[in-house]
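Heads up, the thing below is written out as structure tokens.
Numbering (full-length UniProt numbering), first residue to last: 1 to 227.
In structure tokens:
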């Protein structure tokens with residue numbers, strides 16, 4: 001855990017966003033239950049990470065990103081940056097990928113060893129049409145028609161998240177805050193306690209045996225799903 005002095009010290013070092021967190025013991029609540037209870041809205045996510053051990057894949061982290069309006073949407077050369085109130089700002093004078101690089105660079109967040117490798121930041125996708133922004137020869141091609149109207153690139157700024165650490169049986173509750181004043185640290189901890197309180201209300205479930213390991217690789221899984 002981070003104390004107030006450490007939090008403010010990061011601000012003095014030039015960081016403008018700092019993760020504040022608490023750990024709780026992992027219980028028999030599934031990541032899906034966490035997502036359904038605390039997220040399950042637009043601009044949220046459940047992301048699973050695993051590692052191969054001998055002939056099995058074992059779950060390492062389940063990451064639940066809580067809803068967040070701050071995001072970047074790019075379609076062709078149109079760039080929209082939404083703030084926490086869902087109000088858009090349009091960027092027109094910078095190439096899209098360069099704009100994305102500059103936005104990412106504007107978030108100066110310390111790497112803290114006690115936290116998982118992913119503890120917040122940009123999360124989203126780069127769609128197929130992104131290739132038109134990278135390869136000049138493709139820019140003259142007509143866009144492919146789709147049944148749904150989605151941005152070519154969507155990245156949300158994930159600042160509140162829950163990380164289930166399956167290896168160490170811990171749950172990290174992480175909230176980012178600006179290290180400019182002590183009240184921000186207090187508010188972040190209040191929000192963390194609120195999230196923990198919501199976690200404690202989720203009914204415990206018996207985990208299925210296959211939730212932490214599987215012998216099915218990605219190719220076989222997709223083949224089975226398509227059959």
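Glycine included, C-beta positions come from ideal geometry on N, C-alpha and C.
Along the length of the segment 35-82, whole beta strand (DSSP E) runs at least 3 residues long occupy 45-53, 56-65, 71-75, 78-82, reported in chain order.
For residue 23, the secondary structure class from DSSP, reduced to helix, strand or coil, is strand.
Listed in chain order, the non-local C-beta contacts of residue 187 below 8 Å within the same chain comprise 177, local neighbours out to five positions each way being set aside. Taking a C-beta distance under 8 Å as the contact criterion, residue 15 and residue 179 qualify as a contact pair. Rounded to the nearest whole angstrom, the CA to CA distance from residue 197 to residue 35 is 15 Å. The segment 160-178 makes contact with the segment 52-69, as at least three CB pairs between them are under 8 Å. In the structure shown, the three-state DSSP call for residue 181 is coil. Residue 2 is classed as buried because its beta carbon has at least 16 other beta carbons within 10 Å across all chains shown. When the Cα atoms are used, residue 145 and residue 135 turn out to be separated by approximately 19 Å.
The beta-carbon separation of residue 127 and residue 153, rounded to 7 Å, stays under the 8 Å limit for a contact. Nearest neighbour of residue 91 by Cα position, chosen from 110, 65, 76, turns out to be 76. A distance below 8 Å between beta-carbons, with the five flanking residues on each side excluded, links residue 112 to the following residues of its chain, in chain order: 2, 19, 119.
Pairing residue 68 with residue 31, the inter-Cα distance amounts to about 19 Å.
Around the CB of residue 174, 16 or more other CB atoms lie within 10 Å, so the residue is classed as buried. For residue 152, no pairing in a beta bridge is given by DSSP.
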